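> Below you will find the structure I want to go over with you.
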């Protein structure tokens, strides 16, 4: 074997060695990692599903307990005028807190995702977000709504909205996404006129034009709102 | 022979790689792992709160079932006090934060966002410039500024929030940092207090349209 052949063999061996390291690195970084990602993702999804099941069970339990308490209080109020007066006060307070199912004239607002477009204003601008829901609910309350629900979830004096693009979290409920329905009981003519006002809900109107975000609304002589089924705890607040 | 062996190995590695990647992408449709992690955090907090509420309701139910003299009156009286605080009908106090925002040009939507951020961060009672704010109180843009329940709240806005002081401090810190970067804001500061008082109350409004189902 000549000196040149020997050098060629060494060069090929070196290249093969380098390639071996590169391939091994690739396998470690991009072949094994995805399988770990899948496993990690599945664990996260299972956690979400379990937590959502617990969430739904807890809310059903709360609704049942509130109904049982209401029945026991009604029975007690039948035995005492003072208890009856107290129960009437609490019934009124519960209604204003959203703890009672109500119905009456009102409006229904339907909101749905648009279509992806140019990225101006963020890539998720075509999706319904929690600020959209917040703006609509605030507008309806400003026009005298006496009760509001979003996708069957009653709004209370403590309600807060959060979420990421396309996902709306209201209080302790499960995430909601498009399409969303906001229902309000109150003066339907006043609420419809406010929703019709071109200067109201500027962000939603701009995205209706730019991303075909969909918002429709109509007055209804009788809409129904469910009772709130979650927590209204205020452990840090004390009456003065 | 060697060339075929290498080609076979490369094809095998590529196939495994593509299948693994496809599996990940199919699973990740719609939501990423970071969002899932945040969702899990939110659900844990929500479920803790729901279980605590259920435990309280069970205790109320047990008291009512005990049939002891005055049990129903006590449960009803306690609930009335609790609901009046939630609905902003009585003055309240407790730990919390006080945020001061001195700005020109901030609108009703900015104030609504700030209040919602505090609510989502655990605020249990809120007031702005001595106007009590609960969800349902109108915050509107008027020709003379931002009005809360029909009364203009002239800047600087002093937002008082009662709740878990640690959580509220985190929210206040993020809010004031973001506001400080806004050209319209001259100054945004906050302080944590062991006991803040909210004296303002909301006026009760009887229902005109809503009827019990």
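Chains as they are written, first to last, in the numbering used here: chain A, 1 to 240; chain B, 1001 to 1213.
No residue lacks a Cβ here, since even glycine has one placed at the ideal position from N, Cα and C.
Computed from a predicted structure; not experimentally measured.
1. Apart from the five residues just before and just after residue 99 of chain A, which ones in its own chain have a Cβ nearer than 6 angstroms to its Cβ?
2. Residues of chain D with CB closer than 7 angstroms to the CB of residue 237 of chain A, please, in chain order.
3. Would you mind sorting residue 236 of chain A into buried or exposed? The rule is 16 or more other CB atoms within 10 Å of its CB.
4. I think residue 1165 of chain B touches residue 1192 of chain B, with their Cβ atoms under 8 angstroms apart; what is that distance to the nearest whole Å?
5. Quick one, which of A:94, A:176, A:97 and A:211 has its alpha-carbon nearest residue 152 of chain A's?
6. Give the list of continuous beta strand (DSSP E) stretches no shorter than 3 residues that lie fully inside the segment 1134-1199 of chain B.
7. Checking 8 angstroms against the spacing of the C-beta atoms, do residue 1198 of chain B and residue 1114 of chain B come in under that value?
8. Chain A partners of residue 1037 of chain B, CB-CB under 8 angstroms?
9. Examine chain A for any beta-carbon lying closer than 8 angstroms to the beta-carbon of residue 1211 of chain B, and answer yes or no.
10. DSSP state of residue 176 of chain A, grouped into three classes?
11. So which residues on chain B does residue 288 of chain A lean against when the C-beta distance must stay under 7 angstroms?
12. On the DSSP bridge assignment, give the partners of residue 1214 of chain B in chain order.
13. Suppose you measure from the CA of residue 1051 of chain B to the CA of residue 58 of chain A; what does that come to, to the nearest Å?
14. Quick check on the DSSP output: what are the complete alpha helix (DSSP H) runs of length 4 or more inside the segment 1050-1122 of chain B, in order along the chain?
15. Determine whether the Cβ of residue 1065 of chain B lies closer than 8 angstroms to any Cβ atom of chain A.
16. Report back the beta-carbon spacing between residue 1057 of chain B and residue 69 of chain A to the nearest angstrom; my notes put them in contact at under 8 angstroms.
17. Can you tell me which residues form a DSSP beta bridge with residue 185 of chain A?
18. Using a Cβ cut-off of 8 angstroms (strictly closer), state whether residue 113 of chain A contacts chain B.
19. Give me the residue from B:1085, B:1097, B:1146 and B:1102 with the minimum Cα distance to residue 1109 of chain B.
20. Quick one: any contact between the segment 1148-1168 of chain B and the segment 1116-1133 of chain B, if contact means 3 or more CB pairs under 8 angstroms?
21. From the DSSP output, read off the bridge partner residues of residue 238 of chain A.
22. Mind checking who residue 166 of chain A pairs with in its DSSP beta bridge?
23. What are the start and end residues of the beta strand (DSSP E) that includes residue 217 of chain A?
24. For residue 212 of chain A, which of A:156, A:147 and A:115 has the nearest alpha-carbon?
25. Where residue 1077 of chain B and residue 142 of chain A are concerned, what is the direct C-alpha to C-alpha distance, given to the nearest angstrom?
26. Mind checking residue 7 of chain A: buried by the 16 CB within 10 Å criterion, or exposed?
27. Assuming contact is defined by CB atoms lying nearer than 8 angstroms, are residue 1184 of chain B and residue 1106 of chain B in contact in what I supplied?
28. Comparing the C-beta of residue 1170 of chain B with each C-beta of chain A, is any distance below 8 angstroms?
29. Between the segment 1093-1103 of chain B and the segment 158-175 of chain A, can you find at least three pairs of beta-carbon atoms closer than 8 angstroms?
30. From the DSSP output, in three-state form, read off residue 161 of chain A for me.
31. By the 10 Å Cβ neighbour count, where 16 or more other Cβ atoms means buried, how is residue 4 of chain A classified, buried or exposed?
32. I'd like to know if residue 1153 of chain B contacts chain A, where contact means its C-beta is closer than 8 angstroms to some C-beta of that chain.
33. The alpha helix (DSSP H) that contains residue 93 of chain A, what's its start and end?
34. For a cutoff of 8 angstroms on Cβ pairs, would you count residue 220 of chain A as touching chain B?
With the given structure in hand:
1. Residue numbering aside, residue 99 of chain A sits at position 99 when the first chain is read from its first letter. Taken in chain order, the residues that qualify are 227 and 228.
2. The question asks about chain D, but that chain is absent: this structure's protein chains are A and B.
3. The sequence position of residue 236 of chain A within the first chain is 236, counting from 1. Buried is the call here.
4. Locating residue 1165 of chain B in the second chain gives position 165, where the first residue counts as 1. Locating residue 1192 of chain B in the second chain gives position 192, where the first residue counts as 1. Correct: roughly 5 angstroms between the Cβ atoms.
5. Residue 152 of chain A sits at position 152 when you count from the first residue of the first chain. Answer by Cα proximity: A:176.
6. 1139-1142, 1145-1148, 1157-1163 and 1185-1198
7. Sequence index remark: in the second chain, residue 1198 of chain B carries index 198 (1-based). Sequence index remark: in the second chain, residue 1114 of chain B carries index 114 (1-based). In this structure, residue 1114 of chain B does not lie closer than 8 angstroms to residue 1198 of chain B by Cβ.
8. Counting from 1 along the second chain, the entry for residue 1037 of chain B is found at position 37. Result: 44.
9. One-based indexing of the second chain puts residue 1211 of chain B at position 211. Chain A contact via Cβ: present.
10. As a first step, residue 176 of chain A must be located in the first chain, where it is residue number 176. Here residue 176 of chain A sits in strand by DSSP.
11. Chain A is shown from 1 up to 240; residue 288 of chain A falls before or after that span and cannot be answered.
12. Residue 1214 of chain B lies beyond the range of chain B shown here (1001 to 1213); nothing can be said about it.
13. Stepping through the second chain from its first residue, residue 1051 of chain B is reached at position 51. Stepping through the first chain from its first residue, residue 58 of chain A is reached at position 58. Roughly 7 angstroms separates the two Cα atoms.
14. 1071-1086 and 1108-1120
15. One-based indexing of the second chain puts residue 1065 of chain B at position 65. Closer than 8 angstroms to some Cβ of chain A, the Cβ of residue 1065 of chain B qualifies, so yes.
16. Against the second chain, residue 1057 of chain B aligns to sequence position 57. Against the first chain, residue 69 of chain A aligns to sequence position 69. Correct: roughly 6 angstroms between the Cβ atoms.
17. Here residue 185 of chain A refers to the residue found at position 185 when the first chain is read from its first residue. BP columns for residue 185 of chain A point to A:106 and A:147.
18. If you number the first chain from 1, residue 113 of chain A lands on position 113. False, the Cβ-Cβ gap to chain B never drops below 8 angstroms.
19. Taking the first residue of the second chain as position 1, residue 1109 of chain B is located at position 109. Looking at the Cα atoms, B:1146 is the closest of the given residues.
20. yes
21. Your numbering for residue 238 of chain A matches position 238 in the first chain. Paired residue(s): B:1093.
22. Your numbering for residue 166 of chain A matches position 166 in the first chain. For residue 166 of chain A, which the question treats as bridged, DSSP gives no partner whatsoever.
23. Against the first chain, residue 217 of chain A aligns to sequence position 217. 214-225 is the span of the beta strand (DSSP E), which, as asked, contains residue 217 of chain A.
24. The residue given as residue 212 of chain A occupies position 212 in the first chain. Measuring from the Cα of residue 212 of chain A, the nearest candidate turns out to be A:115.
25. The residue labelled residue 1077 of chain B in the question sits at position 77 within the second chain. The residue labelled residue 142 of chain A in the question sits at position 142 within the first chain. Roughly 31 angstroms separates the two Cα atoms.
26. The residue you call residue 7 of chain A lines up with position 7 of the first chain. Classification for residue 7 of chain A: exposed.
27. The residue you call residue 1184 of chain B lines up with position 184 of the second chain. The residue you call residue 1106 of chain B lines up with position 106 of the second chain. Cβ atoms of residue 1184 of chain B and residue 1106 of chain B: closer than 8 angstroms.
28. Locating residue 1170 of chain B in the second chain gives position 170, where the first residue counts as 1. Residue 1170 of chain B does not count as touching chain A.
29. no
30. Stepping through the first chain from its first residue, residue 161 of chain A is reached at position 161. Note: residue 161 of chain A maps to strand in three-state DSSP.
31. On the first chain, residue 4 of chain A is found 4 positions in, with the first residue counted as 1. Residue 4 of chain A should be labelled exposed.
32. For the purposes of this step, residue 1153 of chain B is taken as the residue at position 153 of the second chain. Taking Cβ atoms only, chain A never reaches closer than 8 angstroms to residue 1153 of chain B, which makes this a no.
33. On the first chain, position 93 is the one that residue 93 of chain A refers to. Counting along the chain, the alpha helix (DSSP H) containing residue 93 of chain A begins and ends at 81-97.
34. Locating residue 220 of chain A in the first chain gives position 220, counting from the first residue. Cβ-Cβ to chain B under 8 angstroms: no for residue 220 of chain A.
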